[in-house]
Amino acid sequence: MSAGEALAAIHTLFDAASSAEYLGESVSVAGHSLRTAARAVAAGAAPALVAAALLHDVGHMLDRDSAAALARGDDIRHEDTGAAWLSRWFGPGVTEPVRLHVDAKRYLCAVDPGYYDVLSPISRKTLAMQGGPLEGGELAAFQAGGYAEDAAAVRRWDDAGKDASAVIPPLSAYDDLLARLVRA
Numbered sequence: 222m223s224a225g226e227a228l229a230a231i232h233t234l235f236d237a238a239s240s241a242e243y244l245g246e247s248v249s250v251a252g253h254s255l256r257t258a259a260r261a262v263a264a265g266a267a268p269a270l271v272a273a274a275l276l277h278d279v280g281h282m283l284d285r286d287s288a289a290a291l292a293r294g295d296d297i298r299h300e301d302t303g304a305a306w307l308s309r310w311f312g313p314g315v316t317e318p319v320r321l322h323v324d325a326k327r328y329l330c331a332v333d334p335g336y337y338d339v340l341s342p343i344s345r346k347t348l349a350m351q352g353g354p355l356e357g358g359e360l361a362a363f364q365a366g367g368y369a370e371d372a373a374a375v376r377r378w379d380d381a382g383k384d385a386s387a388v389i390p391p392l393s394a395y396d397d398l399l400a401r402l403v404r405a
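Residue 239 in the working numbering sits at position 18 of the sequence shown, and the numbers go up by one each step.
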């Protein structure tokens with residue numbers, strides 16, 4: 222698929238998610254994603270990481286049942302859904318941090334004693350549904366993975382990307398960056 226097709230699909234998802242509730246957070250899922258990307262840009266992240274930050278929650282956008290699943294206590298594995306969808310256009314520099322951002326939350330809760338305290342109430346609830354802090358073999362496997370550091374960075378921006386008062390650029394501000402990252 223072409224960059225134009227990728228951008229059209231991404232814009233369609235974001236347009237639909239621009240007013241959709243984000244699991245009880247104070248921002249929409251699209252607004253949260255834009256705030257997360259803005260944090261990555263402010264941190265001077267590489268283009269692939271900015272894209273991963275922007276696109277980390279597309280799995281929620283693809284699954285309109287996210288809020289109902291949360292209410293039932295079901296983990297929809299949005300990280301896997303999103304990474305699989307994005308893999309049509311993007312390489313692992315984008316898709317792996319997306320796929321691993323939930324495990325990164327579990328990792329950070331295991332290795333950073335103060336990290337849990339920065340999580341929103343909803344993120345704390347989903348942490349329990351997602352298996353709680355990583356332990357033993359899971360922890361070692363995550364640390365040994367090639368994208369652990371990138372996923373942890375996306376995760377920290379994710380947690381900081383829920384400030385409803387933050388000024389954010391529109392999705393179109395990322396079009397050139399995304400187009401350059403689309404695989405030929």
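Cβ coordinates follow ideal geometry from the N, Cα and C atoms, glycine included.
Locate the alpha helix (DSSP H) running through residue i, then write down its first and last residues.
i	result
Gly352	No alpha helix (DSSP H) holds Gly352; DSSP gives it neither H nor E.
Pro313	Pro313 to Val332
Val279	Val279 to Leu283
Leu398	Asp396 to Leu402
Ala237	Ala224 to Ala238
Look up residue i in the DSSP assignment and say whether it is helix, strand or coil.
i	result
Ser249	strand
Ala267	coil
Ser254	helix
Trp378	helix
Val339	helix
Asp371	helix
Ala385	coil
Report all residues from its chain with a CB closer than 8 Å to the CB of residue i; omit the five preceding and five following residues, and keep chain order.
i	result
Tyr175	This structure gives no information on residue 175, because the portion of the chain shown stretches from 222 to 405.
Ala387	Arg256 and Ala259
Arg404	Trp310, Phe311 and Gly312
Ala264	Ala374 and Trp378
When you compare only the Cα positions, how much space is there between residue i and residue j?
i	j	result
Arg260	His253	11 Å
Glu370	Gly225	30 Å
Gly382	Ile389	10 Å
Leu355	Gly367	17 Å
Phe363	Asp301	15 Å
Glu359	Thr347	18 Å
Arg256	Ala365	29 Å
Val375	Pro318	7 Å
Ile231	Asp379	18 Å
Ala305	Gly335	32 Å
Leu399	Leu340	28 Å
Gly357	Ser393	42 Å
If you drop the 5 nearest sequence neighbours on each side, which residues of the same chain put their C-beta closer than 7 Å to that of residue i?
i	result
Gly314	Ala269
Ala238	Ser249, Val250, Ala251 and Met282
Could you name the residues of the same chain whose beta carbon sits closer than 6 Å to that of residue i, not counting the 5 residues immediately before and after it, in chain order?
i	result
Tyr328	Leu355 and Phe363
Asp278	Val250 and Ser254
Ala372	Pro318, Leu321, His322 and Ala325
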